[in-house]
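Peer 1:
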Amino acid sequence: MTDELTPRAVERLLDAAEPLREGPGMGLVDEERYELREEIGRGGMGVVFSAWDRELERPVAFKFLSRAGGFSVEGRARFLREARAAARLAHPHIGSVFDATPDVITMQLIEGSTLADSGIQEPREIASLMRDAALAIHYAHDQGVIHRDLKPSNLMVTPADSGGRGAHIYVMDFGLAKERTPDAAALTTSIVGTPGYMAPEQAQGQSGLIGPQTDVYGLGATLYWCLSGHAPIEDSDVYRGVRRVIEEDPAPLRTLAPQLDRDVGRIVEKCLQKDPGQRYASALALASDLDRWLRGEPIQARPSSLVYRLRRFVSRRQGAIVASLAAATLAALVILPFVVQARAEQRLARAEEARLSEVFALSLKVSEALRNARATRATAGGYEQITFAILEESILECRAFLAKAPAGEAHFFLGQLLREQGRADEAVRAFDRAQAMQPGIPHLHRERGLAIATLYRDQVPVLGEAPPVELETWRARGLADLETALGGEVAAPTLDLVFARGHLAWLRGDLNQAIERLREVVELEGTHLEAHLSLSRLYLLVGRDDLAVRHSVGATDLLRGFRPAYVARANLGSAGPVSVEASAEAGSRLDPILVHEPLELEGLPELLFDFSQLLQLEPTDAHTFGLRGQVQARSAVRAHKSGALDQCVWSLESAIQEFNATLELQPGHIGAQVNRGACRALLGRTLAATGSKVGIPEALSGAFDDYSSALRTNPDLRIAAYNRALLEQYRAQLARIALDGPRAQAAWGRAQEDAQRAAMGAGDQPWQKRYTALADSLGISD
Amino acid sequence: MSHLPEIRAGDAFPTTCWSSLAVQGQDTGSAQAAFEKLALRYWRPIAAAIRSRSATTDEDAVDLTQEFFLWMLAGDFLARVDRNRGSFRGFIKRSLFNFLHDAHRREHAQRRAGGHNVLSIDADPAVRLPQSETRSPEELLDDTWRREVLSQAARNLESELRSKGKDRTYEIFQHYFLDDGALDYAGLARQHGISTSDVSNSLSHAKKRYRSHLRSVVLDTVSSETALETELAWLFEGRDT
Chain A
1 MTDELTPRAV ERLLDAAEPL REGPGMGLVD EERYELREEI GRGGMGVVFS
51 AWDRELERPV AFKFLSRAGG FSVEGRARFL REARAAARLA HPHIGSVFDA
101 TPDVITMQLI EGSTLADSGI QEPREIASLM RDAALAIHYA HDQGVIHRDL
151 KPSNLMVTPA DSGGRGAHIY VMDFGLAKER TPDAAALTTS IVGTPGYMAP
201 EQAQGQSGLI GPQTDVYGLG ATLYWCLSGH APIEDSDVYR GVRRVIEEDP
251 APLRTLAPQL DRDVGRIVEK CLQKDPGQRY ASALALASDL DRWLRGEPIQ
301 ARPSSLVYRL RRFVSRRQGA IVASLAAATL AALVILPFVV QARAEQRLAR
351 AEEARLSEVF ALSLKVSEAL RNARATRATA GGYEQITFAI LEESILECRA
401 FLAKAPAGEA HFFLGQLLRE QGRADEAVRA FDRAQAMQPG IPHLHRERGL
451 AIATLYRDQV PVLGEAPPVE LETWRARGLA DLETALGGEV AAPTLDLVFA
501 RGHLAWLRGD LNQAIERLRE VVELEGTHLE AHLSLSRLYL LVGRDDLAVR
551 HSVGATDLLR GFRPAYVARA NLGSAGPVSV EASAEAGSRL DPILVHEPLE
601 LEGLPELLFD FSQLLQLEPT DAHTFGLRGQ VQARSAVRAH KSGALDQCVW
651 SLESAIQEFN ATLELQPGHI GAQVNRGACR ALLGRTLAAT GSKVGIPEAL
701 SGAFDDYSSA LRTNPDLRIA AYNRALLEQY RAQLARIALD GPRAQAAWGR
751 AQEDAQRAAM GAGDQPWQKR YTALADSLGI SD
Chain B
1 MSHLPEIRAG DAFPTTCWSS LAVQGQDTGS AQAAFEKLAL RYWRPIAAAI
51 RSRSATTDED AVDLTQEFFL WMLAGDFLAR VDRNRGSFRG FIKRSLFNFL
101 HDAHRREHAQ RRAGGHNVLS IDADPAVRLP QSETRSPEEL LDDTWRREVL
151 SQAARNLESE LRSKGKDRTY EIFQHYFLDD GALDYAGLAR QHGISTSDVS
201 NSLSHAKKRY RSHLRSVVLD TVSSETALET ELAWLFEGRD T
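These protein sequence lines map, in sequence, to chains A and B. Take the first sequence: its position 348, counted from the start at 1, is 348 in the numbering used here, and no numbers get skipped. Take the second sequence: its position 39, counted from the start at 1, is 39 in the numbering used here, and no numbers get skipped.
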């Protein structure tokens, strides 16, 4: 190309560049898809705009990067590698990255303020938020991503809401904030950012030393700012600031905030050590110490001997046994009485003594893991991957222990961890081994009984399927365990005890009593996933599907990336048709099965992503396919309601594929059968509405076959009869339009018959009215 | 609500060529490197302004431009750049008119620069600088500068697309935006043996990438977000809204 542009070329190029005129970000995003709204911030990295994603119907934020200039080819490649790593992070305390180019990052819109602007000053609140942030950072480290630029302006906080949910923290700019090297200015990159929060190894440019502890420093520096109002090192001159980061210790926190608790000061100090090796070993260790401080327990940053710590642990546990038991620590308590009791028996052989002390050390670790797992669950308001990770680490430790020294106790600990992780079947096997090797382990019956009760719960048929053969065995075994465990129990009714009694009542067949107990549990601890799952199933069994839906939504809210819990949700998903039907009151001309949306659709893409992940792990999990089908189906209904018929057809076809997969893996899966029927029926109607000439009769007769085979499996499945009635009513209308009198007559007759079948039978369920109404409208009188 | 705090003292604007020059106030070596890179990219607008004001031939103007660069490098200008303000273009303008007013310092600089030949404009001996009877040197500088920015972005687009093997996309862009022939979509489709919708897709992709490159080129010459906005708006100055 020539160096000289003609005047015409200048004009044309300016035409092409025109969108940039509106602002530096314009013209860089797909304007058909995104509606840019307002500027919500600007700073070192660039300008941030809020926007609306018309395609996925969700708010997003765009960060238009100012540092794209001078990107070399390698710089660009590295940027994209980092962006990919950041986009893979899925954690409730990490602002999600949806997309990234060197010009613009598309990310989750957080409706809050930066920690720097949040005005939060109360040390406990700060510690609690920063503990969550540290857990998020630990998760990222596990994924191989280091943040490198943690500071108050890179953390966002959404305020507490009126529903009792506390402030929520998000770590932003993950993996994207770290320095990159534009080709022309390599030397300047080390001072991008604010030296006040930079770790010494960064200030020295020792990139080989940058690792998880670099982020521990950043977290400590942020804590320092939150608690004192100052960065650890403040200097108006960038160069001097960088030098001081390397050479000077920050002023002791308590000189700036004299009333601050000494232990918090210690935690921060440990984070801000110049030598990375002297800081906390991981962000998780920092999170744990903050958590200990929040609970008023001795922190690890405090120098103390092992003896001191063991004594603390034992005395605290014994004190707790005497006092009323705190719900969240019960799992840990289950372990200790065993040790104490065993010790009390005295006259132990020396070898046994040594073995016991090893078991005791393991029990400390396991109880710590259980406690941490429950703490993260309780404070974050749900299960998180970190909960899973904490437990997994401990499980591996138990397995390693068992590989060296088989011990009944270790099997027992393993069982507890597995149960907490939601892997009840494996837990039962571990408990069985524990009992075989070492009879008389305290609380084994209760723990195993609860694990068995979970297995029983998840297999109780709710749609009239034939119960699995082992169901009765589970019931009998669980009953025996729980009766043994609870028979002589006179202790104060702790949460776990109430939970166990609820399941005992269930296994005894007293469903109402079981519901009452489990409701107590949920009232005491709203984040008790297992209780929500059990209640959901119990309400289905007693015909209160509306309440079942409520608890299944409650459980869904708690799941959030907890893998085994997704499996549990998939189990719930198989109860879909009935739950969905429960809310069909809303009224619509669509088949009722598809009307309600119990799952939050805002998170639809993430949900689908999670399911794909799950399927990669368990490629033959019929439930996951079924659940994914339901999500697609609900997405289709949504598209249908908004008039996006093409999209609706596309979603329905995807949903049908999913149900096909479910049925291939598990023939006769009644939920998938009914759901696929409903999708096919809606597909037929939608195709007709788009004026399509093909596919309509096939879709409608496919739906008919699906409903019919569901009804063959379970003739009392009224939802299937109801759906088939609606379908036949529609087919009668089509036949009438086609002037095919006999065919219309026949379809109408079948519709009447099915409507009657659906309306039959007593029941005060909310949807009964709909059945009756349909029967009435088809001219059937009782 | 805001995602990011206001720019505070101590927050460096992300590294761009210009801001790296500015930030490196104490490090003459890399400041010089950054200056050289930008100066060589924008020598033509500078020469055009010099030609219109002080030179009688294109050749003289190129020589004077070279002298100007040496004068800049020899003086302590680079050490005193205010990194929080403005653009490289503004900085050059202020310096250039100082330079042209200051014959004494020019000579002084030449002595001090001595054998300095780091910065050498590689101008075609037959270079033709734009001239105008009606426009001021400043207007000439701005106008030529704008063309330089636009064509630099087009060159970057070319190397990106060619390195990705998208030669045809670039050629379509070139025919449509840079060549003087009046080809329409249908003409381009015939010429390349593809459909008009392929032409439209190629142009749409190339335009988007062009905007990104244009933004990057401008970004190289500014040191703050506000300056970026101002400089982008300047590109369009004098056009109808």
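All C-beta atoms in this analysis are idealised placements derived from N, C-alpha and C, irrespective of residue type, glycine included.
Looking only at its chain, what residues have a beta carbon closer than 6 Å to the beta carbon of Gly-166/A, apart from the 5 residues adjacent to it on each side?
Peer 2: The residues are Ala-160.
Peer 1: Given that Ala-227/B touches chain A, what residues does it touch there, using C-beta distances under 9 Å?
Peer 2: Simply none; closest approach about 10 Å.
Peer 1: Spatial neighbours of Thr-484/A within its chain, please: C-beta separation below 6 Å, excluding the five flanking residues on both sides.
Peer 2: Same-chain partners within the cutoff: His-445.
Peer 1: Ordered along the chain, which non-local residues of its own chain (more than five positions away) have a Cβ less than 6 Å from that of Val-16/A?
Peer 2: In the sequence as presented, Val is not what sits at residue 16/A; that position holds Ala. Cβ neighbours of Ala-16/A beyond the five flanking positions: none.
Peer 1: Are there 16 or more other CB atoms within 10 angstroms of the CB of Gln-643/A, so buried, or fewer, so exposed?
Peer 2: For clarity, residue 643/A is Gly in the given sequence; the question names Gln instead. Its Cβ having fewer than 16 others within 10 Å, Gly-643/A is exposed.
Peer 1: Have a look at Asp-117/A and Lys-151/A and give me their C-alpha separation to the nearest angstrom.
Peer 2: For Asp-117/A and Lys-151/A, the distance between alpha carbons rounds to 12 Å.
Peer 1: Please list, in chain order, all residues of the same chain as Lys-93/B whose beta carbon is under 6 Å from its beta carbon, the five residues on each side excluded.
Peer 2: Answer for Lys-93/B: no residue qualifies.
Peer 1: So the candidates are Leu-450/A, Val-522/A, Thr-494/A; which of them puts its Cα closest to the Cα of Ala-505/A?
Peer 2: Cα-wise, what sits closest to Ala-505/A is Leu-450/A.
Peer 1: Using a 10 Å radius around the Cβ and a threshold of 16 neighbouring Cβ atoms, would you call Lys-270/A buried or exposed?
Peer 2: Buried is the call here.
Peer 1: Mapping the DSSP letters down to three states, classify Ser-136/B as helix, strand or coil.
Peer 2: Correct three-state label for Ser-136/B: coil.
Peer 1: Pop quiz: Gly-95/A and Met-172/A are said to be a contact at Cβ under 8 Å. What is the actual Cβ separation, rounded to whole angstroms?
Peer 2: That belief holds up - the Cβ atoms of Gly-95/A and Met-172/A are roughly 4 Å apart, short of 8 Å.
Peer 1: Are the stretch 690-701 of chain A and the stretch 737-755 of chain A in contact at 8 Å, needing three or more beta carbon pairs?
Peer 2: Flag = no, the stretch 690-701 of chain A and the stretch 737-755 of chain A do not touch.
Peer 1: Quick check: the stretch 211-219 of chain A against the stretch 248-263 of chain A, are there 3 or more CB pairs under 8 Å?
Peer 2: As far as the Cβ criterion goes, the stretch 211-219 of chain A does not touch the stretch 248-263 of chain A, which means the pair count is below three.
Peer 1: Are any of the Cβ atoms in chain B nearer than 8 Å to that of Asp-103/A?
Peer 2: Yes, its Cβ sits closer than 8 Å to a Cβ of chain B.
Peer 1: In three-state terms, what does DSSP make of Ser-50/A?
Peer 2: Note: Ser-50/A maps to strand in three-state DSSP.
Peer 1: What are the start and end residues of each continuous beta strand (DSSP E) run of 3 or more residues lying completely inside the stretch 201-264 of chain A, in chain order?
Peer 2: Listed in chain order, there is nothing to give.
Peer 1: Can you name the residues that DSSP bridges to Ala-61/A?
Peer 2: For Ala-61/A, which the question treats as bridged, DSSP gives the partners Ser-50/A, Met-107/A.
Peer 1: Tell me which residues share the same chain as Glu-4/A and place their Cβ nearer than 6 Å to its Cβ, disregarding the 5 neighbours each side in the sequence.
Peer 2: Once the five neighbours on either side are set aside, Glu-4/A has no close Cβ partner at all.
Peer 1: What does Pro-19/A reach in chain B if we use C-beta pairs closer than 7 Å?
Peer 2: What Pro-19/A touches in chain B: Arg-211.
Peer 1: With 8 Å as the threshold, decide whether the Cβ of Leu-129/A is near any Cβ in chain B.
Peer 2: It does not: the Cβ of Leu-129/A has no partner Cβ on chain B nearer than 8 Å.
Peer 1: Which term fits Val-793/A, buried or exposed, when burial requires 16 or more other beta carbons within 10 angstroms of its beta carbon?
Peer 2: Past the edges of chain A, shown from 1 to 782, lies residue 793/A, and the structure says nothing about it.
Peer 1: What three-state label does DSSP hand Ala-681/A in the structure shown?
Peer 2: If DSSP states are grouped into helix, strand and coil, Ala-681/A belongs with the helices.
Peer 1: Across which residues does DSSP place Glu-158/B in a beta bridge pair?
Peer 2: According to DSSP, Glu-158/B bridges with nothing at all.
Peer 1: Is the stretch 281-298 of chain A touching the stretch 130-140 of chain A in the sense that three or more CB pairs, one from each, lie closer than 8 Å?
Peer 2: Contact between the stretch 130-140 of chain A and the stretch 281-298 of chain A is present, because at least three Cβ pairs lie under 8 Å.
Peer 1: Quick check: the Cα distance between Pro-403/A and Glu-520/A, rounded to an integer number of angstroms?
Peer 2: The question names Pro, yet the displayed sequence has Ala at residue 403/A. Cα to Cα, the separation comes out at about 41 Å.
Peer 1: Is it right to say Leu-396/A is buried, meaning 16 or more other beta carbons lie within 10 angstroms of its own, or is it exposed?
Peer 2: Exposed: under 16 other Cβ atoms inside 10 Å.
Peer 1: For the beta strand (DSSP E) containing Asp-99/A, list its first residue and its last residue.
Peer 2: Here the beta strand (DSSP E) through Asp-99/A covers 97-100.
Peer 1: If I'm right that Asp-100/B touches Ser-54/B with Cβ under 8 Å, what's the distance once you round it to whole angstroms?
Peer 2: The amino acid at residue 100/B is misidentified as Asp; the sequence shows Leu. Correct: roughly 6 Å between the Cβ atoms.
Peer 1: Helix, strand or coil for His-788/A? Go by DSSP, reduced to three states.
Peer 2: Since the first and last residues shown for chain A are 1 and 782, residue 788/A lies out of range.
Peer 1: Would you check if the distance between the CB atom of Ala-133/A and the CB atom of Leu-155/A is smaller than 8 Å?
Peer 2: In this structure, Leu-155/A lies closer than 8 Å to Ala-133/A by Cβ.
Peer 1: Determine whether the Cβ of Ala-154/B lies closer than 8 Å to any Cβ atom of chain A.
Peer 2: At least one chain A Cβ lies under 8 Å of Ala-154/B.
Peer 1: Which residues in chain B have a C-beta closer than 7 Å to the C-beta of Thr-6/A? List them in chain order.
Peer 2: Within 7 Å Cβ-Cβ: Asp-180.
Peer 1: Would you call Thr-134/B buried or exposed, if buried means 16 or more other Cβ atoms sit within 10 Å of its Cβ?
Peer 2: With fewer than 16 other Cβ atoms within 10 Å, it is exposed.
Peer 1: Can you pull the chain A neighbours of Lys-166/B, defined as C-beta to C-beta under 9 Å?
Peer 2: Here the premise fails: no neighbours, minimum Cβ distance about 15 Å.
Peer 1: Counting C-beta neighbours from all protein chains within 10 Å, is the total for Val-222/B 16 or more, i.e. buried, or is it exposed?
Peer 2: It counts as buried.
Peer 1: What's the gap between the Cα of Gly-112/A and the Cα of Gly-41/A?
Peer 2: Roughly 12 Å between the two C-alpha positions.
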